[in-house]
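All remarks here apply to the structure that follows.
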Amino acid sequence: MEYSHILGGIRYGFSNLRDVMAKATPFRSGDALAEIAARSAEERVAAQYVLANIPLQHFLETPLISYETDEVSRLIFDTHDAAAFAPVSSLTVGEFRDWLLSDEATGELLSAIAPGVTPEIAAAVSKLMRVQDLILAAAKIRVVTQFRTSIGLRGRLSTRLQPNHPTDDAAGIAAAIFDGLLLGSGDAVIGINPVSDSPTAVKRLLAMIESFRNRFEVPTQSCVLAHITTQIAAIEQGAPLDLLFQSVAGTEAANRSFGISLSLLKEGQEAAQSLKRGGVCFDGSVGTNVMYFETGQGSALSANAHLGVDGLPVDQQTLEARAYAVARHFSPLLVNTVVGFIGPEYLYDGKQISRAGLEDHFCGKLLGLPMGCDICYTNHAEADQDDMDSLLTLLGTAGVNYIMGVPGADDVMLNYQSTSFHDANYLRRILGLRPAPEFEVWLASNHFSRLSLDASSPALLTGELLDRLLPA
Amino acid sequence: MTKFVDNSSKTEFASLEKQKAAEDAPALSSAFRSFTPARIGLHKTGVSIATQECLAFQFAHARARDAVHAELQVPGLMQALQSILTVQSLPEPAILLLHSTAPDRQTYLQRPDMGRKLDISSLQRLVEIHRADKPFGLSIVIADGLSALAVERNSAALLTELFPLLYRTLPSLRVAPLCVVQQGRVAIGDEVARALSAELVIVLIGERPGLSSPDSLGVYITWLHPGKEEEIPASSEHTPAQIADADRNCISNIRSEGLCHAEAASRILYYIQEARLRKQTGTALKDPEPGHRYLGTAEST
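Protein sequence lines, in the order shown, are assigned to chains F and D.
Residue 373 in UniProt numbering is what sits at position 373 of the first sequence, and the numbering runs on without skipping anything.
Residue 242 in UniProt numbering is what sits at position 242 of the second sequence, and the numbering runs on without skipping anything.
Following this line, the structure appears as structure tokens:
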């Protein structure tokens, strides 16, 4: 196939599909760092014209990353569902965009084609979509998953309560859990990023959440986001583990740099499933989704694991979408991009972070994932809380499954800013969104009243109160 | 993936009043705030955060932004390090001031590759010191990273705790000259250590400033896999073998309100001992279990 287009009397040629994808991508610093971005605004549009005319079928015949040497590529091609793909198999990328936005493409139809959509196809079409397109198409798709709560139902917005503490202090973490629950946060998961990556520390924190959960009968699930091997070791030590967490990326080499492989993820999933800790949800079914994955554009490049079949870099947004193929294989409860965490060398400012968050959410949903987003930035990026408010509002309209609930939006352990418990309540109020049904019932229950009472305890009693929550 | 028809809007859960229970709940007792530096129990107005709390956040953000862009005050740091070294014994020259290929902060922020490489004159100075017949057991690198403030406040204090532990526990360990690198990232330690033929490197580096911690120091411990360089394909001769994050161990949040210098030094010693024993670092080495009795600490001697 020849990849070229004449624009304004100038012929723009591109060396291969990888090159077209990279140059058609709206500008971001990570692609410039990899030296693959379009060299001019016109060249970008020429690449988008070329991309619009490429048949979707062509992506199934043209691996961007080697099938032979990359297990993520093998996973993508070997699990592709041709029957699900059939309704859109004759379309070009441009026609696919038109179809996604058409009234013909209902949410049910979009869910049905998901197993036939590859990450590369999702990434390609997203490059032709404006912000409102990314919102409109994603908002049609609901992906519902269950453990003890049901996450992703229409009209609902869940949150991960993230009560991190700079030294893993149990009382400090419990105090933050109190605050979050009191403000209606935590129906997706109570998830702690630990400082210490040891099985004993993971077990101790999981037991603490378990004790809290049991005391107030909170319908939610727990997670301590250590390395997967540490969590598996904690399971072997008898830890009460609900969700198994791991960061994943879009190439085998990047995953290797994380110290993981598909077989290790499989081993972990089986270990977590064997505990059978899911609960009965509002519709009577028992929750079985046990995996929690985080991703983010730029992770492959930062691990120097981002090269395509021609030895040149694949763009970071396509690599991100490939991480969703990894996640999809393990039926996760939760997947979120940590969109602004990686830093300005990959997403420079609020504008780039916002677009990336919406692309990631759309691509994830199109691939059938229960997408959430850690709407966030670091202090070395050109962004602030205004940018987060904008992206928060946009993702709310796009139907994001969950966002983060961090005390005051300031994560004192990971040193970055995300969204607060209050931000979630703003979004719920302004868009009329409600928490997960099981959690909503709990908020109106006596258990929540007991929690409220404890939370307003006089100063003398707070230490004793927190001690009681900590397992012996 | 679980999928089913969404009919929840027709169920008994439809009342928005229930959600208001959370919105109207009493604020967390301010007494809880003493248990964590996290911003809990914030004053509210409606569902939103009250003005004074918003301003406090804006101030913290402004301070963190300023910390990112601050320049390392070299003379003060060098003086502090010299004063430690007068009571320790390192081969001369005891301290080297080096620079990455990133000329300034703006470039540093956008070009991590330049922050991982030494500039030519820095590399030259290391090559002059290196003597192939006497390799070093440990190289210690101090880099400004994303917070020069963290390095200025914590690096000398940390080394003050670490050196006595090292000499007591590993008296025969040959420690290379201290290297201070401006506009440096973690991986620049690999290049420093390779140039000095050190098999193990620890990098003390300013962490990304958080709102409540503009001065947090991180330490990365990396085993260099000597001899592995031969496996690098010829095409990548200009980029030294990149070490994956999973092959490093990290100790984070070293500052007066976080992990104290003595405890951090004990952990560093633990990793140094484990790395030398197993000839590797990274996810293969687990963190010490809580209550671990560090060799070389006062309790065990």
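Just so it is clear, CB atoms sit at the ideal spot from N, CA and C, and this is done for glycine as well.
Just so you know, these numbers come straight off a predicted model, no measurement behind them.
- Sequence-distant Cβ neighbours of D:Q73 in its own chain, meaning closer than 8 Å and more than five residues away, are A148 and E152.
- For D:Q52, the three-state secondary structure derived from DSSP is helix.
- When the five nearest sequence neighbours on each side are left out, the beta carbons in the same chain lying within less than 6 Å of the beta carbon of F:A226 are those of P194, D197 and V202, in order along the chain.
- With 16 or more other Cβ atoms from the protein chains shown falling within 10 Å of its own Cβ, F:L183 counts as buried.
- For F:F293, no alpha helix (DSSP H) segment is defined; the enclosing uninterrupted segment is the beta strand (DSSP E) at M291 to T295.
- Contact annotation for D:N154 against chain F: no contact, minimum CB-CB distance about 14 Å [criterion: below 7 Å].
- The beta-carbon of D:A244 is placed less than 7 Å from the nearest beta-carbon of chain F.
- For the C-beta of D:V68, the chain F residues within less than 8 Å are, from N- to C-terminus, N379 and H380.
- Taking the C-beta atoms as reference points, F:A22 is found no nearer than 7 Å to F:L301.
- With fewer than 16 other beta carbons inside 10 angstroms of its own, D:F59 counts as exposed.
- For D:K44, the chain F residues whose C-beta falls within less than 8 Å of its own C-beta are H422, listed in chain order.
- For F:P407, the residues of chain D that pass the 9 Å Cβ criterion are T36, A38, R39, I40, G41 and L42, in the order they occur in the chain.
- Residue range I95 to H99 is occupied by the beta strand (DSSP E) that includes D:L96.
- Against chain F, the CB of D:G258 has a partner CB under 7 Å away; the residue lies at that interface.
- Proximity to F:L100 across F:Q132, F:L75 and F:P435 peaks at F:Q132, based on C-alpha coordinates.
- Counting only runs of 4+ residues, the alpha helix (DSSP H) found wholly inside the stretch 4-63 of chain F occupies 17-24, 29-33, 41-52 and 56-61, in chain order.
- For F:I192, the three-state secondary structure derived from DSSP is strand.
- A distance below 7 Å separates the beta carbons of F:G357 and F:C373.
- DSSP places F:Y346 outside both helix and strand once states are collapsed to three, so it counts as coil.
- Between the stretch 122-132 of chain F and the stretch 312-325 of chain F there are three or more inter-stretch CB-CB distances shorter than 8 Å, so the stretches are counted as touching.
- Between the alpha carbons of F:Q417 and D:I129 lies a gap of roughly 43 Å.
- Proximity of F:L182 to chain D, defined by a Cβ-Cβ separation below 7 Å, is satisfied.
- Relative to the Cα of F:A52, the nearest Cα in the group F:S89, F:V93 and F:V280 belongs to F:V93.
- In this structure, the beta-carbon distance from D:L158 to D:H69 does not fall below 7 Å.
- Inter-residue distance for F:R44 and F:A38 is about 5 Å (C-alpha atoms, whole angstroms).
- Every unbroken stretch of the alpha helix (DSSP H) spanning 4 or more residues and falling wholly within the stretch 146-213 of chain F is given here in chain order: 170-182.
- Chain D places a beta carbon closer than 7 Å to that of F:T462, counting this residue as a contact.
- Around the beta carbon of F:D78, fewer than 16 other beta carbons sit within 10 angstroms, so the residue counts as exposed.
- Taken through DSSP and simplified to helix, strand or coil, D:L224 comes out as coil.
- Looking at D:F35, D:S34 and D:C54, the one whose alpha-carbon comes closest to that of D:H43 is D:C54.
- Interface annotation, D:I251: not in contact with chain F, CB-CB separation never under 7 Å.
- What D:V47 touches in chain F, judged by beta-carbon distance under 7 Å, is H422, N425, Y426 and R429, going in chain order.
- Cβ-Cβ separation between F:A138 and F:A398: approximately 5 Å, consistent with a contact (criterion under 8 Å).
- Just measuring C-alpha positions, the residue of F:T251, F:A170, F:C281 and F:D179 sitting nearest F:V326 is F:T251.
- Per DSSP, F:N304 has no beta bridge partner at all.
- Taken residue by residue, none of the stretch 64-95 of chain F has a beta-carbon sitting less than 7 Å from a beta-carbon on chain D.
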